[in-house]
Amino acid sequence: MKRVGVIGGGQLALMMGTAAKKLGVELIVQTPGRNDPAVGIASDTVFAAVNDAKATNELAAKCDVITFENEFVDLEALSQIASQGVCFRPRIEALSPLLDKYEQRCFLRDLDIPVPKFILPESLFAVSSVNQDIYANNRNDWELSFPSVLKARRHGYDGQGTFIIKSLTDLEKKLCLDSSLLLEEFIPFKKELSVIAARSTSGEISPFVVVETQQEQQVCQRVIAPADINSQTEKIIQDIAGTVLNTLQFVGIFAIELFLTNDDEVLVNEIAPRTHNSGHFSIDACFTSQFEQHLRAVCDLPLGNVAMNCPCAIMVNLLGYETQTSNYIDKRSTLAKIPGSYLHWYGKSESRPGRKLGHITVLLDDKNRDRAMTIARNIESVWYSQ
Ligand code: ADP
């Protein structure tokens, strides 16, 4: 497998570029924009939206295997393409229970993996027998309470499509605006965690260390690797990753985002069937990055060593804070001078509030969390200063 088609040409595909070079693999990308981050590293590009299946047929003709950096695809159309012998890794059947947040919750619940209690909001107001199916699927015996969390079932990212709902009036207002939603209990977590794990074609599973992710307004600001958790919690999380990867016969990298409660209970928030922001630390802080591991799995190469090469690392996202056309060169050069830092810039031509423009990882020689947080605050004060 030497030619890998990638559906999506954003920063995740861009960051596969260095790994592809190292492994001698060619990347061919399907992405709509001529300035999209991965266009520059791809050996060829099919310029089309990621859900354009006709374009994916064209992509298939140029490569040996197709993978994903983005899950906003038309799965039904891709199934058709797969049935004609095109190799997708992960396979289409492995994606199908994951792309819709409600179906993903049902899939995990049916595997006895703990998730927040959830319902389809329409079932709250269902009165007719037409809605029997919806009732039947809501086996969570959850009494609606507030705050609760309303989520778009598909196409949400970076917290867009996730709303904290404080009252019934709030809920009714939102339900008038959108129909395809999932409602779930609000989890007062003490930490948010994430694990990135790979599964190879032969079924070998390789999880990276569990990390702590820190969100503000539902958007990931920073990641600390490893998370400060006990070995039992680490094992529970890695077992969850193994169960899901094996059940799906998944090939490639995926990410599981989790909540850790005050009682040390672990609940899965979300699975992303691709490389993930919470795994960016691995580029500089692990012997094998998530991007290299993904390509290794997808290309049928032996998986690499995912151990960390330092005691601790902190990754800070550089998020847009204004609408502007700028490459922020001064701020980038200030940040690059931080000892032990590795700055990654995605080459996006326009900044918008909340848009991921780059990230910076700092490797530390001890596990002192206060020190890690001081470094993160310092980075953020440079980056967000006007
Ligand atoms: P997205 O898919 O857009 O990233 P998520 O479902 O991961 O959206 O939610 C984004 C963030 O919102 C989470 O990281 C968490 O901080 C918060 N959040 C989501 N669901 C819940 C919940 N049930 N309880 C508490 N906070 C939540």
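Residue 1018 in the working numbering is what sits at position 122 of the sequence shown, and the numbering runs on without skipping anything.
All C-beta atoms in this analysis are idealised placements derived from N, C-alpha and C, irrespective of residue type, glycine included.
All values derive from a computational prediction rather than experimental measurement.
query	result
D1262, buried or exposed, once every other Cβ within 10 Å from all chains shown has been counted against 16	exposed
Three CB pairs or more closer than 8 Å across the region 1140-1151 and the region 1205-1225	no
Nearest-angstrom beta carbon gap, V961 and V900 [assumed within contact, 8 Å]	6 Å
Identity of the residue in E967, R1267, L1163, L1197 nearest T1097 by Cα	L1197
When E1218, I1015, G981, T927 are compared against A938, the one with the closest alpha-carbon	T927
Run of the beta strand (DSSP E) containing D940, from where it starts to where it stops	940-943
F1104 CB to nearest heavy atom of the ligand ADP below 7 Å	no
Proximity below 8 Å, CB of E999 to CB of R1170	no
Cut-off 8 Å between Cβ atoms - residues of its own chain near I924, not counting five sequence neighbours on either side	R899, V900, G901, V902, A938, S939, D940, T941, V942, L955, K958, C959
Close Cβ partners of P1017 (< 8 Å) along its chain, the five nearest in sequence each way excluded	L1046, L1067, L1071, L1077, L1078, L1079
Residue(s) in a DSSP beta bridge with F1003	F1003 pairs with nothing; no bridge assigned.
DSSP three-state assignment for I1152, whether helix, strand or coil	strand
Spatially closest choice to E967 from R987, G1099, G936, K917, by CA coordinates	R987
Any non-hydrogen atom of the ligand ADP within 7 Å of K1047 CB	yes
Whether I1256 touches Y1242 by CB criterion (8 Å)	no
Where the beta strand (DSSP E) through A1209 begins and ends	1208-1215
Identified DSSP bridge partners for R1095	I1101, G1148
A1168 - DSSP class collapsed to helix/strand/coil	strand
Length at least 3, wholly inside the region 1214-1243: the beta strand (DSSP E) runs in chain order	1237-1241
Rounded straight-line distance, which links the Cα of V1258 to that of C1182	12 Å
Classification of L844 by the beta-carbon crowding that lies within 10 angstroms, buried from 16 upward	In the structure displayed, the chain extends from 897 to 1282; residue 844 sits before or after that span and is not available.
Where C910 sits in the DSSP three-state scheme	Residue identity check: residue 910 is Leu in the sequence provided, not Cys. DSSP places L910 in helix when its eight states are reduced to three.
Contact under 8 Å by Cβ, E1188 with K918	yes
Residue from V1212, A990, N1173 whose Cα sits closest to the Cα of W1329	The chain is shown only over 897 to 1282; residue 1329 falls outside these bounds and no answer can be derived.
Coarse secondary structure for G1254, derived from DSSP in three states	strand
Bridge partner(s) assigned by DSSP for T1058	K1047
Proximity to G1250 [Cα-Cα], best of A990, E972, I1061, D1054	D1054
With 16 other Cβ atoms within 10 Å as the buried cut-off, status of H1176	buried
Three-state secondary structure assigned by DSSP to Q1128	helix
Test item: CB-CB of T914 and V1194 under 8 Å	no
Sequence-distant residues of its chain with Cβ nearer than 8 Å to S1247 (five each side left out)	G1216, Y1217, E1218, T1219, Q1220, T1221, S1222, Y1224, L1253
Any non-hydrogen atom of the ligand FAD closer than 7 Å to Y1053 Cβ	Among the ligands modelled here, namely the ligand ADP, the ligand FAD does not occur.
Beta-bridge partners of Q1114, as assigned by DSSP	Its beta-bridge partners do not exist; DSSP assigns none.
Proximity test, N1165 beta-carbon vs the ligand ADP heavy atom, cut-off 7 Å	yes
Sequence-distant residues of the same chain with beta carbon closer than 7 Å to I1290, five excluded per side	Absent from the model: residue 1290. The displayed extent of the chain is 897 to 1282, so no value can be given.
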